[in-house]
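In the UniProt record's numbering, the protein residues as written are 1 to 311. Here a beta-carbon is modelled for each residue, glycine too, at the ideal position from N, C-alpha and C.
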C-alpha cells in the first residue's frame, strides 16, 4: 500500500479474499458441480457460492424426486469434501412453489429431504431468495424506505435540492428498484404502496406539502422520475432488449424463455423485432403462471412502437 510492501506468505490453497482473479477462479473451480446436478436430471441456477436445485413435479405422486435430490446432495457433499469445500447445512432450505389451489392443501411428507441425517421440511415462512423475501418484500421495502425518508426529512432544511435527490436515490429509489422486475403483474394495491413512498420522496425533494387530491404527475415529470409501474415495465423491457440484441452474453436460463418471431412474408414491419407469443390470451392476467417472464415478455415487447424496439 503506497510505498509499503507486505511480507510474502505462501498460499497453498485458494486465493486471497478480494483479489481480482478470485471470482473467475472460483467459477472455474465450481464447474464440476453443474455436471453432478445434470447427471441427476435436476436443473440448477448458480450465483457465486449460492446454488439452487429445482425441478417441476407433483410432490403427491412423484416420490422419486425426493430420492434424486437426496442422492444429488450426497454426491455434492462428497465432491466438496474432496475439494476442500463445505456444504452449509444450516442455510439449506426447501421451497415449494404452487398455485393458490395447491397452496391451500397441506404439503405431503414426501417433500421432506434428508441431508446429512437431518430432515429438512418445506419452509412455511418467507424465504429469502438472493435478497428477495418472496412474501414480505414490498412490506420490507416500504418500511425501510419510510424510515430513510424520515431521517432525510430531518436534514432537509440544511440540504439543497440536488443533495436531497442524491440521498433519496441512494436510500429510497435503490430499494424500490431492487429486483423490481418481479413486480410485473402485481395487483394495483401492492403497486400503490410503493407509489406512495415515491410520491413522498418527490415532495420531499422539491419541498412541496401534501395537498388533497394532489396530482403527482407534473412533479414526477419535473424530476424526470418514472412512476413505479412504469419503472417495472422499463426494467423488464431493458432485460428483453439485452436478451434480443446481446443474447450471446446473456445467461441461457433467460434466453431460452423468449423466441424471436421470424415472419414468413417480409413486410414493412420486418424491420422491428417481435417475439413469439405462446399465450393464447391477448393479454396476460394475474392468474397462476401468467406472471412468468416467458408469458408476459412477448406481450410487453410486442406492444412497443416499432420506432422504440429498434433503438
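Within the DSSP bridge table, the entry for residue 45 names 52 as partners.
In the three-state DSSP reduction, residue 85 falls in the coil class, being neither helix nor strand. The Cβ atoms of residue 184 and residue 296 lie closer than 8 Å to each other. In this structure, residue 176 lies near residue 145, with their beta-carbon atoms less than 8 Å apart. Contact between the region 250–260 and the region 230–237 is absent: fewer than 3 CB-CB pairs across the two stretches fall below 8 Å. Less than 8 Å separates the beta-carbon of residue 53 from that of residue 72.
Leaving aside the five residues that flank residue 243 on each side, the residues in its chain whose CB is nearer than 7 Å to its CB run, in chain order, 250, 254, 255 and 258.
In the structure shown, the three-state DSSP call for residue 210 is coil. One Cα belongs to residue 44, the other to residue 98, and the distance between them is close to 19 Å. Cβ-Cβ distances below 6 Å link residue 294 to 257 in the same chain, with the five nearest sequence neighbours on each side left out; the list follows chain order.
Looking at the backbone, the Cα of residue 202 and that of residue 213 are separated by about 16 Å. A residue is called buried when at least 16 other Cβ atoms come within 10 angstroms of its Cβ; residue 231 meets this threshold and is buried.
Within a 10 Å sphere around the beta-carbon of residue 95 sit fewer than 16 other beta-carbons, which makes this residue exposed. Counting only runs of at least 4 residues, the region 194–241 fully encloses the following alpha helix (DSSP H) elements, listed from N- to C-terminal order: 217–223.
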